[in-house]
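For the record, the sequence lines run as chains L and D. Numbering of the first sequence is given in my numbering, commencing with residue 1 and proceeding in unit increments. Numbering of the second sequence is given in my numbering, commencing with residue 1 and proceeding in unit increments. Below: the structure, in C-alpha cells.
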Amino acid sequence: MTDAAELRAAVRDFLAEHDPGGDRLEFLRARFDAGLAWVNYPAGLGGRDAPRELQTVVDAEFAAAGAPDNAPSRNGIGLGMAAPTILRFGTDEQRARYLRPLWTGEEIWCQLFSEPGAGSDLAALATRAVRDGDDWVVEGQKVWTSFAHKAKWAILVARSDPDAPKHKGLSYFVCDMTDPNVEVRPLRQITGEAEFNEVFLNGVRIPDSQRLGEIGQGWQVAMGTLMNERVAIGGGNTGRESGMIGVVAREWRDDPEVRTPGAHDRLLRLWVEAEATRLTGQRLRQQLAVGTPGPEGSAVKLAFSRLNQEISGFELELLGEQGLSYEDWTQRRPETVDFTGRDPGYRYLRAKGNSIEGGTSEVLRNVIAERVLGLPPEIRTDKDVPWKELPR
Amino acid sequence: MSTDLLYTEVEEDLRSAVRRVLRDRCEVSSVLARCESDEPYDLALWRTLAGELGVAALAVPEELGGGGAGVRELAVVAEELGRAVAPVPFLGTVLATAALTAAGSADPIAEIGAGTLVTTLAVGLTTAPSAPISPAVRVEGGTLTGTVTAVVDLEVADRVLVPATGPDGTGLYIVDTADSGVGRTPVTPLDLTRRFGTLDLTGAQARLVAADATPVLRRALLTAAGVLAAEQVGLAQHSLDSTVEYVQTRYQFGRRIGSFQAVKHRLADLWSGVSTARATSRNAADALTGGDAGEAELAVALGQAYCSDLAVLAAEESLQLHGGIGMTWEHPIHLYLGRAKSAQLTFGTPERHRARIAELVDLPGV
Numbered sequence: 001m002t003d004a005a006e007l008r009a010a011v012r013d014f015l016a017e018h019d020p021g022g023d024r025l026e027f028l029r030a031r032f033d034a035g036l037a038w039v040n041y042p043a044g045l046g047g048r049d050a051p052r053e054l055q056t057v058v059d060a061e062f063a064a065a066g067a068p069d070n071a072p073s074r075n076g077i078g079l080g081m082a083a084p085t086i087l088r089f090g091t092d093e094q095r096a097r098y099l100r101p102l103w104t105g106e107e108i109w110c111q112l113f114s115e116p117g118a119g120s121d122l123a124a125l126a127t128r129a130v131r132d133g134d135d136w137v138v139e140g141q142k143v144w145t146s147f148a149h150k151a152k153w154a155i156l157v158a159r160s161d162p163d164a165p166k167h168k169g170l171s172y173f174v175c176d177m178t179d180p181n182v183e184v185r186p187l188r189q190i191t192g193e194a195e196f197n198e199v200f201l202n203g204v205r206i207p208d209s210q211r212l213g214e215i216g217q218g219w220q221v222a223m224g225t226l227m228n229e230r231v232a233i234g235g236g237n238t239g240r241e242s243g244m245i246g247v248v249a250r251e252w253r254d255d256p257e258v259r260t261p262g263a264h265d266r267l268l269r270l271w272v273e274a275e276a277t278r279l280t281g282q283r284l285r286q287q288l289a290v291g292t293p294g295p296e297g298s299a300v301k302l303a304f305s306r307l308n309q310e311i312s313g314f315e316l317e318l319l320g321e322q323g324l325s326y327e328d329w330t331q332r333r334p335e336t337v338d339f340t341g342r343d344p345g346y347r348y349l350r351a352k353g354n355s356i357e358g359g360t361s362e363v364l365r366n367v368i369a370e371r372v373l374g375l376p377p378e379i380r381t382d383k384d385v386p387w388k389e390l391p392r
Numbered sequence: 001m002s003t004d005l006l007y008t009e010v011e012e013d014l015r016s017a018v019r020r021v022l023r024d025r026c027e028v029s030s031v032l033a034r035c036e037s038d039e040p041y042d043l044a045l046w047r048t049l050a051g052e053l054g055v056a057a058l059a060v061p062e063e064l065g066g067g068g069a070g071v072r073e074l075a076v077v078a079e080e081l082g083r084a085v086a087p088v089p090f091l092g093t094v095l096a097t098a099a100l101t102a103a104g105s106a107d108p109i110a111e112i113g114a115g116t117l118v119t120t121l122a123v124g125l126t127t128a129p130s131a132p133i134s135p136a137v138r139v140e141g142g143t144l145t146g147t148v149t150a151v152v153d154l155e156v157a158d159r160v161l162v163p164a165t166g167p168d169g170t171g172l173y174i175v176d177t178a179d180s181g182v183g184r185t186p187v188t189p190l191d192l193t194r195r196f197g198t199l200d201l202t203g204a205q206a207r208l209v210a211a212d213a214t215p216v217l218r219r220a221l222l223t224a225a226g227v228l229a230a231e232q233v234g235l236a237q238h239s240l241d242s243t244v245e246y247v248q249t250r251y252q253f254g255r256r257i258g259s260f261q262a263v264k265h266r267l268a269d270l271w272s273g274v275s276t277a278r279a280t281s282r283n284a285a286d287a288l289t290g291g292d293a294g295e296a297e298l299a300v301a302l303g304q305a306y307c308s309d310l311a312v313l314a315a316e317e318s319l320q321l322h323g324g325i326g327m328t329w330e331h332p333i334h335l336y337l338g339r340a341k342s343a344q345l346t347f348g349t350p351e352r353h354r355a356r357i358a359e360l361v362d363l364p365g366v
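Here's what the structure looks like:
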C-alpha cells in the first residue's frame with residue numbers, strides 16, 4: 001500500500017530528473033508516465049493504485065516546487081466526468097487512447113447529455129444513434145454544453161433503440177467534436193456571456209469502437225458519470241470565508257458606509273450558513289477519504305445554490321447606486337466560472353444557474369427524499385412504455 | 001492536526017452503549033408519564049449512565065479522577081440523550097465538571113462520576129459564554145448570600161458550585177444543598193424534561209474551589225454550549241427520523257403522505273439541515289477537545305447559532321407533518337418541541353451568538 005512518505009519520495013525523485021521550469025507539456029506527460037498524475041488510477045494509466053486522498057500530497061509537493069499543473073479548471077468535464085467513466089466502462093484500448101492527453105490537457109472534453117426537451121428528465125433524450133455497419137450515425141441537438149467550442153472529444157448519450165422503454169434504449173459514445181458534422185453554436189445567457197453552447201449533430205458518424213459500455217447500457221454509464229459530477233461539486237478544500245461570503249465580508253469591512261443594523265444581522269446569518277455549509281462539505285470529503293461516501297453532497301449543493309443566490313442579491317442591495325450598474329454586456333466566452341473575480345451584477349445573474357445546473361434543487365430534494373430517507377418514489381407513468389410512445 | 005468532523009470507532013461504541021441503555025430504560029412514553037409525577041427526573045437511570053457507562057465525569061482528566069476522554073466523546077453522549085429527551089441531570093453535570101476541571105479541582109469528582117452526588121453550577125441558564133460575569137451572590141464572613149435564577153438541575157442537586165463576590169474578588173464556592181441557609185424554588189418549565197429553579201442563599205456555608213471564578217465560568221459555559229449543540233443535533237435527528245417513519249404509515253387521499261412531493265421536499269430540506277448541524281456541532285466538539293481557545297469560542301458560537309434554530313425547526317416540522325396527532329398531549333412531540341425551544345434560549349440565543357461571531361471575525365455593526 002502506497003503511503004504519503006513514499007509518494008513524497010517519488011515526487012522528489014521525479015523532480016530531480018525533470019525540470020519544473022522546462023517545457024510544460026513534456027513535464028506533464030512525464031508526470032503522467034511516472035504515475036504521479038492521479039495516484040488512485042492504475043499503474044500505466046497515470047496512477048499507482050494509491051488511495052484517492054493521497055492526491056493532495058502529490059499536488060502539494062509539485063506546487064511547492066513551482067511545477068506547472070494541468071490547469072484542471074480548463075478541462076473540468078474531462079477530469080471530473082469523462083476520465084472516471086472511461087476508466088470504469090472503457091476497453092483497454094480506449095483507456096490507453098484517451099486518458100493521457102485528457103490528463104495533460106492536450107485534449108479538452110465536453111459532455112453531450114442535456115437536450116432542449118430533456119434536462120432533469122435526462123432519460124427522455126431524443127438524439128438518435130442508428131447503427132450503420134461499423135459506425136453509428138447520430139442526429140440530434142444538445143444544449144448547455146460548456147467547453148464544446150474548445151473540446152476535442154465529447155461524452156455523448158444517444159437513443160439507440162426507440163422501441164425500448166426510455167431508460168433501456170440508450171447508448172454511450174465518445175464523439176469527435178472536430179467532425180465537420182458537429183456544429184457548435186454559442187448560447188448567450190442572461191449574463192450576456194456565451195459560457196455554454198448548443199451542439200447540433202448532423203448525421204455524425206461514430207465508429208462502434210468509440211462506444212463506452214454495452215449497447216443499451218447508456219443510462220447506467222451516464223449515472224456513473226453524474227455520480228462523479230456530484231463528487232466533483234462537493235470537492236475542493238476551501239478555507240473560511242472562501243467564495244461569495246468572503247467577497248461580501250470584505251466589502252463590509254472596507255466600507256463602513258454600507259453598514260445598517262438590518263444588513264448586519266442578514267450578513268451574520270449568511271456568514272453562519274456559509275461557514276456551516278463549508279464544514280458540511282469538509283465533513284463529506286473526510287467521509288470520502290475514509291471510503292464511506294455520504295449523501296451529504298446533495299445537501300451541500302442545495303445549500304450552496306441557495307446561499308450563492310442570496311448573498312449575491314444581498315451584495316447588490318449593500319452597494320446601492322453601484323448595484324444598479326453592470327460591467328459589460330458584450331458577448332464573451334469565459335474560460336471558467338469565477339464568482340469572486342467578477343462584478344456584482346454578473347454574480348447575481350450567474351448565481352441563478354446554480355440551482356439548475358448539475359441537478360435542479362427540486363430534483364435533488366427528490367433524490368434525498370427517496371434514496372436517503374426512503375420515502376416513496378414519484379409516481380411514474382413512463383417507466384415501461386416504449387420511448388417512442390411517450391408524450392413529448 | 002486538522003479538524004476531524006467524523007466519529008471515531010471509540011465514539012461509536014460509546015454511542016451504542018448509551019443508546020442501548022436508553023432504549024431499555026428511557027422509552028419516550030415513560031418520560032412523558034414521569035413529567036407529571038413527583039419525580040420528573042430518573043435518577044436511577046442517571047446512576048446507571050454515570051456509574052456503569054461513565055458519562056458524568058467522562059471529559060474530566062484522569063488526574064482529577066475523571067474518565068480522561070474529551071468533549072468529542074461527551075458530545076456523542078449528548079446526541080443520544082437529546083434523541084431520547086432523557087430526563088437526567090446531564091447539563092448541570094456538564095457545567096459542574098467543566099468548571100471543576102477548569103479550576104483543577106478534584107473535589108467531588110468521584111461522587112459525580114458515580115452518579116451518587118448530583119452537582120450543578122449556579123449560573124442563569126440563558127447566560128451566553130461571552131456574557132459579562134457579575135454574580136449576584138456575595139461573600140460575607142465566609143458565608144454566601146444572594147439569589148441566582150434559572151439554575152439547571154437544581155431540584156435534584158446535592159451540591160452547587162456558586163460564583164460569589166467578596167473583598168478578594170469573585171471566587172467559585174461549593175455549597176451543600178442540604179445545609180441551612182440554602183433555599184430552592186423550582187420553576188414550572190416549558191421544557192418538561194429539563195428542570196431549573198431559583199437558588200436563595202442566606203448565610204450559607206461554603207468552601208472555596210477557585211479563587212478566580214471568571215475563567216472557570218467562561219470555560220464551563222463554553223463547554224456546555226458546545227455540548228448542547230450536540231444534544232440539539234440528536235434531538236433534530238430524532239424529530240426527522242420519527243417523522244419519516246410516520247409519513248410512511250399515514251394514508252390520506254389514498255396515498256402515503258410521504259409520497260407527496262410537498263412533504264418529501266420539506267423532509268429533504270430538514271435532512272440537509274441536520275447534516276449541516278452535525279458538521280458544525282462536530283466542529284465545536286473537536287475545537288473544545290483540542291483546539292486553541294479562540295478557535296473553540298468561534299466554533300461554539302457557530303455551532304450554537306446554527307444548531308439552536310435547526311433543532312427548533314426540526315421539532316416544529318415534525319409537529320406540522322404529524323398533523324392533528326402532533327397537537328395532542330399523548331404524542332411525545334411536545335416534549336421535543338419544549339426541549340428544542342428552551343435549548344434555543346439556553347446559553348445565549350442564536351442572535352447573541354451571531355453578535356459574538358461579529359466580534360470574533362471582525363464584522364462590526366453600525
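Beta carbons are placed, not taken as given, at the ideal position from N, Cα and C, and that holds for glycine.
Could you tell me the distance, in whole angstroms, from the CA atom of D/Val367 to the CA atom of D/Gly324? Residue 367 of chain D lies beyond the range of chain D shown here (1 to 366); nothing can be said about it.
Any chance the segment 64-74 of chain L sits against the segment 26-41 of chain L, with 3 or more Cβ pairs inside 8 Å? yes
Can you find a CB in chain L that lies within less than 9 Å of the CB of D/Ile174? no
Could you tell me if D/Gly234 is buried or exposed, where buried requires 16 or more neighbouring beta carbons within 10 angstroms of its beta carbon? buried
For the beta strand (DSSP E) containing D/Gly171, list its first residue and its last residue. Gly169 to Asp176
Return the residue from the list L/Phe89, L/Ala194, L/Ala5 and L/Arg211 that minimises the CA-CA distance to L/Val137. L/Arg211
How long is the line joining the alpha carbons of D/Gly113 and D/Gly92, rounded to whole angstroms? 13 Å
Return helix, strand or coil for L/Trp329, following the three-state DSSP convention. coil
Sequence-distant residues of its chain with Cβ nearer than 8 Å to D/Val118 (five each side left out): Leu43, Trp46, Pro89, Gly92, Thr93, Ile112, Asp153, Val156, Ala157, Asp158 and Arg159
Nearest CA to the CA of L/Ser393: which residue from L/Asp338, L/Asp343 and L/His167? One cannot answer for residue 393 of chain L here, as it falls past the ends of chain L, which runs 1 to 392.
Does the distance between the C-beta of D/Ile333 and the nearest non-hydrogen atom of the ligand SAH fall short of 8 Å? Because no ligand of any kind appears in the structure shown, any question about the ligand SAH cannot be addressed here.
Which residues mark the beginning and the end of the alpha helix (DSSP H) in which L/Leu7 is found? Ala4 to Glu17
Please go through the segment 191-273 of chain D and give each complete alpha helix (DSSP H) segment of 4 or more residues, from N-terminal end onward. 213-249
Any C-beta of chain L under 9 Å from that of D/Leu363: yes
Going by C-alpha distance, which of L/Ala222, L/Asp176 and L/Ala194 is nearest L/Val337? L/Ala194
By Cβ distance, which residues of its chain are closer than 7 Å to L/Thr330, with the 5 residues on each side in sequence left out? Gly192
D/Pro186, buried or exposed, once every other Cβ within 10 Å from all chains shown has been counted against 16: exposed
Check whether chain L comes within 9 Å of D/Arg282, counting only Cβ atoms and requiring the distance to be less than that. yes
Through-space distance from D/Ser275 to L/Ile233, alpha-carbon basis: Confidence in L/Ile233 is poor, its pLDDT being 49 and thus under 50, which makes the residue's placement unreliable; the coordinate value appears in the next sentence. Distance between the alpha carbons of L/Ile233 and D/Ser275 is about 17 Å.
Return helix, strand or coil for D/Ser30, following the three-state DSSP convention. helix
So, at 8 Å on beta carbons, what are the nonlocal neighbours of D/Pro215 in its own chain, with the 5 sequence-adjacent residues on each side left out? Ala102
Looking at L/Thr178: is its Cβ nearer than 9 Å to the Cβ of L/Lys142? no
Same chain only: Cβ atoms within 8 Å of L/Gly117, ignoring 5 sequence neighbours per side: Ala124, Leu125, Ala126 and Arg392
One question on the structure: do D/Arg194 and D/Leu6 come within less than 9 Å of each other, judged by their Cβ atoms? no
Report the partner residues of D/Glu39 according to the DSSP bridge assignment. According to DSSP, D/Glu39 bridges with nothing at all.
Limits of the unbroken alpha helix (DSSP H) element including L/Ala83: Ala83 to Phe89
Between which two residues does the beta strand (DSSP E) harbouring L/Ile155 extend? Trp153 to Arg159
Express the C-alpha separation of L/Gly140 and L/Ser114 in angstroms, rounding to a whole number. 11 Å
Considering just the uninterrupted stretch of the beta strand (DSSP E) at D/Thr185, what are its terminal residues? Val182 to Val187
If you count every other CB in all the chains shown that lies within 10 Å of the CB of D/Arg278, and 16 or more means buried, which is it? buried
How should L/Phe173 be labelled, buried or exposed, when 16 other C-beta atoms within 10 angstroms of its C-beta is the threshold for buried? buried
Rounded C-alpha distance that separates D/Ala99 from D/Leu14: 24 Å
Cβ-based contacts, 9 Å cut-off: residues of the segment 295-307 of chain L near chain A: Going by chain labels, chain A is absent from the structure shown, which instead holds the protein chains L and D.
Residues in its own chain within less than 6 Å of D/Leu298 by CB, not counting five upstream and five downstream? Leu360
Distance CB(L/Asp161)-CB(L/Pro207) smaller than 9 Å: no
Mind pulling the chain D residues with CB within less than 8 Å of L/Leu102? By Cβ distance, chain D contributes nothing, its closest Cβ being about 31 Å from L/Leu102, past 8 Å.
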